[in-house]
Amino acid sequence: MSRLVAAGTLLCVVLLAGLSDCAQPQRQQHSLHARDAHHQLLSSAKERPRESFASWLERHGKAYKNDLKEMEKRFAIWLQNLEYILEYNAKTTTHWLGLNSLADLTKEEYAQRYLGYNHASKKQLKAQHRASNAMPNPFRYADVPQSSLPASIDWRELNAVSEVKNQAQCGSCWAFSTTGSVEGINAIVTKKLLSASEQELVDCDTEEDKGCGGGLMDYAYQFIMENGGIDTEEDYPYTATEGECEAIKLNKHALTIDGFEDVPENNEAALKAAVAHQPVSVAIEADQQAFQLYMGGVFADETCGTELDHGVLVVGYGTDPETNMGYWIVKNSWGPEWGEQGYIRLQQGVTAQEGLCGIAMAASYPTKEGGPDPRPTPGPTPGPSPKPPQPEPVQCDSATSCPPETTCCCVTDFLGMCLEWGCCPVMDAVCCDDHEHCCTPELPVCDTESGRCGTGEANGATQPWLTKIPATRHWPRWVPWSHAGSGSGKKDRRGQW
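Count the sequence shown with mature numbering (1 follows the signal peptide of the UniProt record, and there is no 0) and you get residues -22 to -1, 1 to 475, in order.
What follows is the structure in structure tokens.
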């Protein structure tokens, strides 16, 4: 019998190089025995690396398998990731890593090719919302008692989640997160699950979103609303490239929404209330190597950070019976061979208010008539309540200011004096030399040729640069500019000229 077990283990290594089908836990079967079995497979891969890598290549259909130079380069990276996985798994008990389809990429390559959530756009949207003095977005689940929520929910079991998809090497995660929540609310209302077209968003939603260059779920919701709906995946299939918008298919509205709402940020309780009623789009930081190589278990690595760079979909929550840890069920868009059949369970209820990996920082969901809305019928209009304290504007000089949480950037200067200010919609921004755009502090290098912000490294991450909004003047235009202050006493939130 032991011989049969050993043979089965070896067969798994030869065929799959220690990968998903042999060690992958099935839904609702998240036993840590799977972790132990997976560790045996990884150890076998370390003992027979060439054989295992060859099987891994076949398993994942890598295009470079006939390119000897590229294959050797990828093999070296694969080995480095294997060493990292073995070392990481030896120190972690709640989850484990493995040689998934991304195991031939460096951490930097992985981040550049697969992450595309534009958090800078979200900050810009919030700044513009504040600048317009608009009312806060409603949250229909605000009054739902936590005690009334189910202990667990899985929208996959309620036929409100489509199959796991694969964005491939295109930063279109924002589109997949959007379609997932749109599919969910439409399935809940119509009792019919349809798969929506990410390609329509990549090709056609280009005013604010940037296709494979990144985007924002809120902008995509707005596009779907203004377009009257979105086509199906079957009719407008995904290509993992940016193409021409197909006008005929743009007019096919198989799935529709009426609006969208943001979940109050940094509030896991509010996120839980929303997820109890429908799948919810969220953004997380996913650029860490541990996330890249995740294979199973409840991911509880608090070093994953809160610099949001990846859009995903929360389709439920529950409690792991072996660790007693609460978790979010998160649908990814890297195919079913990543994680737990394309999903990751992220620890719920951590100390940080942002949630693990920032999951509670930028959640949103679409709305549709006939959908869940626990809000009571409005009663008599209450009297005015005291306004909460508002954040202070950022002073550019004694005569000019920008909205809170923005950065003053000089638009027009003369002999070292700023005559006209603009506002970059993020804090601590870097002002670009063209005097019209700016970059986030995370990607501070302005590339005026491409119109993008980056790290300055050859293969570093990039994103579209931001456009300044006009600053507010508090003195009449006829006041001499020399009295308005030079702006030379630059504050922390002010960018360079």
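A virtual CB, placed ideally from N, CA and C, is assigned to each residue, including glycine.
Bear in mind that the values here come from a model prediction, so they are computed numbers and not experimental data.
Straight through space, the alpha carbons of Met395 and Gly162 are spaced by roughly 54 Å. Assigned with DSSP and collapsed to three states, Leu334 falls in helix. By the Cβ neighbour-count rule, Ala341 is buried, with 16 or more other Cβ atoms within 10 Å of its own. Proximity of the region 213 to 226 to the region 268 to 284 falls short of the contact definition, fewer than three beta-carbon pairs being nearer than 8 Å. For Ile226, there is no enclosing beta strand (DSSP E); the residue is found in the alpha helix (DSSP H) stretching over Ala225 to Leu228. Measuring C-alpha to C-alpha distances from Tyr343 to each of Ala68, Asp121, Leu64 and Lys250 identifies Lys250 as the nearest. Rounded to whole angstroms, the gap between the alpha carbons of Thr418 and Pro382 is 16 Å.
The alpha-carbon separation between Glu87 and Phe53 amounts to approximately 15 Å. The Cβ-Cβ distance between Ser175 and Tyr214 falls below 9 Å. In this model, Arg118 and Thr390 are separated by some 45 Å (Cα to Cα). Judged by DSSP in its simplified three-state form, Asn144 adopts strand. Here Asn67 is buried, its C-beta having at least 16 other C-beta atoms within 10 Å.
Setting aside the 5 residues that flank it on each side, Val258 is surrounded in the same chain by Ser159, Val241, Leu249, Ala252, Leu291, Val292, Ala341, Ser342 and Tyr343, each with a C-beta closer than 8 Å to its C-beta; the list follows chain order. By the criterion of a C-beta distance shorter than 6 Å, Leu171 is surrounded in its chain by Asn137 and Ala165, once the five residues flanking it on both sides are discounted. As the crow flies, the alpha-carbon of Asn244 is around 11 Å from that of Val328.
Taking a contact to require three or more Cβ pairs closer than 8 Å, the region 186 to 205 and the region 310 to 328 do not qualify as touching. Here Phe277 is bridged, per DSSP, to Leu324. Beta-carbon to beta-carbon, Ala449 and Ser379 are separated by about 7 Å, close enough to satisfy the 8 Å threshold. In the DSSP assignment, Cys386 falls outside any alpha helix (DSSP H) and lies within the beta strand (DSSP E) extending over Thr385 to Phe392. Spatial neighbours of Leu421 in its own chain (CB-CB distance under 7 Å, excluding positions within 5 residues in sequence) are listed in chain order as Cys431, Gly432, Thr433, Ala439, Thr440 and Gln441. Burial check for His231: the Cβ neighbour count within 10 Å stays below 16, so the residue is exposed. Around the beta-carbon of Glu332, 16 or more other beta-carbon atoms lie within 10 Å, marking it buried. Going by beta carbons, Leu80 and Trp316 fall inside the 9 Å limit. Secondary structure of Asp425 (DSSP, three-state): strand.
DSSP places Pro215 in the coil class of the three-state scheme, outside both helix and strand.
Within the region 51 to 75, the complete beta strand (DSSP E) runs of at least 3 residues fall at 73 to 75. In this structure, the beta-carbon distance from Ser21 to Ser150 does not fall below 9 Å. Cβ-Cβ separation between Val139 and Lys309: approximately 7 Å, consistent with a contact (criterion under 8 Å). In this structure, Gly294 keeps its C-beta atom at 9 Å or more from the C-beta atom of Ser126.
By the criterion of a C-beta distance shorter than 7 Å, Phe269 is surrounded in its chain by Cys282, once the five residues flanking it on both sides are discounted.
In the three-state scheme derived from DSSP, where H, G and I count as helix and E and B as strand, Cys410 is classed as coil. For Met405, the three-state secondary structure derived from DSSP is coil. Pairing Glu246 with Gln326 gives a Cβ-Cβ distance under 9 Å. Remark: C-beta atoms of Thr385 and Cys416 approach each other more closely than 9 Å. If you draw a 10 Å sphere on the C-beta of Thr157, you find 16 or more other C-beta atoms in it, and that means buried. When only Cα atoms are considered, Tyr305 and Asp298 end up about 7 Å apart.
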